[in-house]
Every structure is written in structure tokens, then in C-alpha cells.
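Accompanying notes for the structure given below.
Protein chains: 2
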Amino acid sequence: MSPEILFRALSDETRLRCVMLVLQHGELCVCKLTEALNLSQPKISRHLATLKAARVLQDRREGVWVHYRLHAQLPAWALTVLQQTLCGIQAQEPFLSDSLHLKNVPDNSSLCSITE
Amino acid sequence: MSPEILFRALSDETRLRCVMLVLQHGELCVCKLTEALNLSQPKISRHLATLKAARVLQDRREGVWVHYRLHAQLPAWALTVLQQTLCGIQAQEPFLSDSLHLKNVPDNSSLCSITE
DNA sequence: TACTAATATATGCTTATCCGTATATAAAGA
DNA sequence: TCTTTATATACGGATAAGCATATATTAGTA
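Chain order of the listed sequences is W and V.
Each position in the first sequence, counted from 1, maps to that position plus 1254 in our numbering.
Each position in the second sequence, counted from 1, maps to that position plus 1254 in our numbering.
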């Protein structure tokens, strides 16, 4: 993991929003991110693929659902960077709205929520 | 300062190398960075301009020399991100070589060194 | 097997970004 | 004013990256 790979992965707002939500919640499936960010599914999926390729996130399939979490081998410094970033920006938009919105995603919106 | 602006600024290796050296040394002029990184002056200058536009760095002219330092209004979280990144990568290439190389830039290579 | 739901990927288009080379600009000194 | 030095910027080219839309792929169920 080189630093510019991490920073490039985080340099897109959609990707950053995904990572910040995953950082706060431990693990999230695509459908949750899609609803929380109110963006199209292909767009979310594409950005998640980029994050996965950069080894920032890793995925886990559970039936039709795919959950994403921070990569198990993310270096400590990179994790600290993410945490410090969250501390600095969680009260900013769109990150504040994202978190509130995620909390409001109804559990019956997707069956994946029951198992999370 | 939004996070993706910071991360975009850092997503290029040349720019990241510049910022890491500036972070370690407080203030550096273009000629020092150009020699330490062993890259062309226009390339360094262009990247410094990008960092300045993103308000990651600020500059100060002293005669024919221009010195760059971290921007005075860099948010605390952003500074912490930079510091943690340095902690994590300073022993990696090319950052390790950059620092060693900077130490070896002879003082008589440029008159700017005398005043620094 | 067919159908449905969730997700990943392809396509074509537009815009952004980086590069080396050349040169413009700013500053200093004769 | 002219010359030199340091730095900034312009230019043209190549490549990367993001987007919406469409559709392929995977998993589960009837």
C-alpha cells in the first residue's frame, strides 16, 4: 500500500463517502450504501470496485448480498489517516447527512439488514 | 478544505514527495526540492502550484528564491493526516531516498541555502 | 428451468490530469 | 538597459478517470 494509492482511492467524493460510512459502521452492504448516499447502484458498485482493487476495502458475499469492510491488511498508518479524516470532517456535508441518512434507512428496505 | 481536495492534491507521487519533505523541514525552496527529488524544475513548479492552489502549501518569495511551507490555515485534521502519513511511509522508497538526498544537497548548489 | 433480486461490468462519451519542451515572468546585478 | 538566474506558465499530446445507461452475472426460490 503506497500512500498515493490510498490518496488516489480517497480523492473521489463518492468513494470517500463510502469509506467514511464503512469506517463508522464496520461493515455495510452495497444496498445500504446505495440508499444512504442516494446514488445509483452501478455508480456505487464501480467505486467500491476501485476501493477493493486499491485494497482499501474487502468484500464478503452472503447470498445475493455483498458486504464491504476495511481491508484486513490495511496498514496502521492508513487506518489512522482514515480515522483522523473522519474526526475532521464528520460534521461537514455531505458526511453529516450521509450518517443521518444511513440511520434512517428502514430495515425493511432490504432483507440484508436483518442479518447485519 | 474538503478532504477530497486534500487527497486529490496528495494523489500524485511527485506532489506527495514535495509535501513530505516540506513537512519534515518546515520550509524549502523550489531549487532544493528540484535537486532533492532529481526532477525537472518545470515539473516541480507545476506541482507546487497545484499544492498552493489546494491550499496545502503557501509560498514566500525572497529575491529570486521562492520558499514553500505548509499552509498557515491547514486544518488540524489535515495536518494530522500528513504527519501520520509521514510516520507510516518515511522508511519507504522513494521517501527515504528523498530525505537522504536532501541532506546531501550541497550548500553551495544554490545561494538560497545560505539564508535558510 | 424460469423468474426475481442484488450486484458487477460494458459501452461510449466527456472531462481531467500528467508529461516534456519551450518560453514567459520576476528579481538582481552590472 | 542588458544579462543572468530562479521560477512560473503555455502548449500539445497521451492517458486516465468519471458518468449515465444498458446489460451481464450471481444467488435464491418456485
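Here a beta-carbon is modelled for each residue, glycine too, at the ideal position from N, C-alpha and C.
Computed from a predicted structure; not experimentally measured.
(request) Could you check if Val1335(W) is buried or exposed, using at least 16 other CB atoms within 10 Å of its CB as the buried criterion? (result) As a position in the first sequence, residue 1335(W) is number 81, starting the count at 1. Answer is buried; the Cβ neighbour count reaches 16.
(message) Check whether the stretch 1337-1346 of chain W and the stretch 1315-1328 of chain W touch, using three or more Cβ-Cβ pairs below 8 Å as the test.
(response) No: fewer than three Cβ pairs fall under 8 Å.
(request) Measure the CB-CB distance between Val1318(V) and Ala1263(V) and report whether it falls below 7 Å. (result) Mapped onto the second sequence, residue 1318(V) falls at position 64. Mapped onto the second sequence, residue 1263(V) falls at position 9. Judged by their CB atoms, Val1318(V) and Ala1263(V) are not nearer to each other than the 7 Å cut-off.
(request) Run down chain V in chain order and give the residues with a C-beta less than 7 Å from the C-beta of Val1335(W). (result) Here residue 1335(W) is taken as the residue at index 81 of the first sequence, counted from 1. Within chain V, the residues Val1335, Gln1338, Thr1339 have their CB atoms less than 7 Å from the CB of Val1335(W), given in chain order.
(message) Distance check for Gln1295(V) and His1355(W), CA to CA, integer angstroms please.
(response) By one-based count along the first sequence, residue 1355(W) stands at place 101. By one-based count along the second sequence, residue 1295(V) stands at place 41. Each residue's alpha carbon lies about 48 Å from the other.
(message) Within a Cβ cutoff of 6 Å, which residues of the same chain sit near Pro1257(W), ignoring the five residues on either side of it in sequence?
(response) By 1-based counting over the first sequence, the position of residue 1257(W) is 3. Listed in chain order, the non-local C-beta contacts of Pro1257(W) below 6 Å within the same chain number zero, local neighbours out to five positions each way being set aside.
(request) Can you check DSSP and say which residues form a bridge with Arg1323(W)? (result) Position 69 of the first sequence, counted from the first residue, corresponds to residue 1323(W). For Arg1323(W), the pairing in a beta bridge is given by DSSP as Glu1281(W), Gln1312(W).
(request) Along the alpha helix (DSSP H) that carries Gly1342(V), what are the first and last residues, could you check? (result) For the purposes of this step, residue 1342(V) is taken as the residue at position 88 of the second sequence. Gly1342(V) -> alpha helix (DSSP H) spans 1330-1343.
(request) Under 8 Å by Cβ, that's how I've got His1301(W) and Cys1283(W) pegged, so tell me the actual separation to the nearest angstrom. (result) Here residue 1301(W) refers to the residue found at position 47 when the first sequence is read from its first residue. Here residue 1283(W) refers to the residue found at position 29 when the first sequence is read from its first residue. Actually they are not in contact, since the Cβ atoms of His1301(W) and Cys1283(W) sit about 14 Å apart, beyond 8 Å.
(message) Does any residue of chain W have a CB that is nearer than 7 Å to the CB of Glu1281(V)?
(response) As a first step, residue 1281(V) must be located in the second sequence, where it is residue number 27. So, not an interface residue.
(message) Taking 7 Å as the threshold (beta carbon to beta carbon), is Ile1298(V) in contact with chain W?
(response) Counted from its first residue, the second sequence places residue 1298(V) at position 44. Not flagged as an interface residue toward chain W: Ile1298(V), since no C-beta distance is shorter than 7 Å.
(message) How far does the alpha helix (DSSP H) with Glu1347(W) in it extend, from its first residue to its last?
(response) Numbered from its first residue, the first sequence carries residue 1347(W) at position 93. Following the DSSP letters along the chain, one finds Glu1347(W) in no alpha helix (DSSP H), marked with neither H nor E.
(message) Using the Cβ count rule (16 or more neighbours within 10 Å means buried), how would you classify Arg1269(W)?
(response) Here the question's residue 1269(W) lines up with position 15 in the first sequence. Note on Arg1269(W): 16 or more other CB atoms within 10 angstroms of its CB, so buried under the neighbour-count rule.
(message) Taking a contact to mean a Cβ-Cβ separation below 7 Å, would you say Val1359(V) touches Ala1307(V) in this structure?
(response) Locating residue 1359(V) in the second sequence gives position 105, where the first residue counts as 1. Locating residue 1307(V) in the second sequence gives position 53, where the first residue counts as 1. Taking 7 Å as the Cβ cut-off, Val1359(V) and Ala1307(V) do not qualify as a contacting pair.
(message) Using a Cβ-Cβ distance cut-off of 7 Å, determine whether Ser1265(V) contacts chain W.
(response) To locate residue 1265(V), count along the second sequence from 1; it is residue 11. Yes, its Cβ sits closer than 7 Å to a Cβ of chain W.
(message) Does the CB of Trp1319(W) have a neighbour CB from chain V at under 7 Å?
(response) Taking the first residue of the first sequence as position 1, residue 1319(W) is located at position 65. Answer no: the Cβ-Cβ gap between Trp1319(W) and chain V never drops below 7 Å.
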